[in-house]
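Residue numbering for the sequence shown follows my numbering, beginning at 1220 and increasing consecutively.
Input: a single structure, listed below in structure tokens.
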Amino acid sequence: MASFKPVYAAKATVTGGRDGAGRTDDGKLDVQLDKPPALGGPEDGAGTNPEQLFAVGWAACFEGAIAGVAGDTDVSGVSIDATVEIGKAAGGLGLRAALDVTLPRVDDETAKKIVADAHGVCPYSRATRGNVETTLTANGQAVEA
């Protein structure tokens, strides 16, 4: 990426991996980490896990992409339910994701176009394209992206 010009850098330190802790350099995020029970973690674990953090990050970024591609369309009230799954895949573990987008003030066809366009520009979507199987819906309708 010779043309990459950073505008922001997030910095975090993790110690202990999935059973440890993570903290950003500015202290705004300071979390305990636990494996999910499906990966051998405690049923009553108080910590979060990388998949949850990834789901929140991707959904937040995707909402920004929606605002960026919507033009004059009223996308206020948007809601995104993000699911990030970890599972067995060829060569080890892999990820699969779903972004279910609700645009309450937008007709279904316009919502599908906005979500497809957002998927084309969202940095998380671009980073995972071809690596993470991703399913998109807009107002309950499947989106081809």
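Backbone N, C-alpha and C fix where the C-beta goes; we use that ideal spot for every residue, glycine too.
{"Item": "Spatial neighbours of Asp-1293 in its chain, beta-carbon cut-off 8 Å, leaving aside the 5 residues before and after", "Value": "Arg-1324, Val-1325"}
{"Item": "Member of Gly-1276, Lys-1224, Val-1250 whose CA lies at the smallest distance from the CA of Gly-1264", "Value": "Val-1250"}
{"Item": "Cβ contact (3+ pairs, closer than 8 Å) linking the stretch 1327 to 1334 and the stretch 1303 to 1316", "Value": "no"}
{"Item": "Distance CB(Val-1288)-CB(Asp-1245) smaller than 8 Å", "Value": "no"}
{"Item": "First and last residue of the uninterrupted alpha helix (DSSP H) at Val-1334", "Value": "1327 to 1340"}
{"Item": "Residue from Gly-1349, Ala-1357, Pro-1342 whose Cα sits closest to the Cα of Phe-1223", "Value": "Pro-1342"}
{"Item": "Through-space distance from Glu-1304 to Arg-1242, alpha-carbon basis", "Value": "23 Å"}
{"Item": "Straight-line gap, Gly-1310 to Ala-1228 (C-alpha atoms, nearest Å)", "Value": "31 Å"}
{"Item": "Beta-bridge pairing of Val-1294 - partner residues as DSSP gives them", "Value": "Note: Val-1294 sits in no beta bridge, so no partner."}
{"Item": "Per-residue DSSP class, three states only, for Asp-1199", "Value": "No answer is possible for residue 1199: the residues shown for the chain start at 1220 and end at 1364."}
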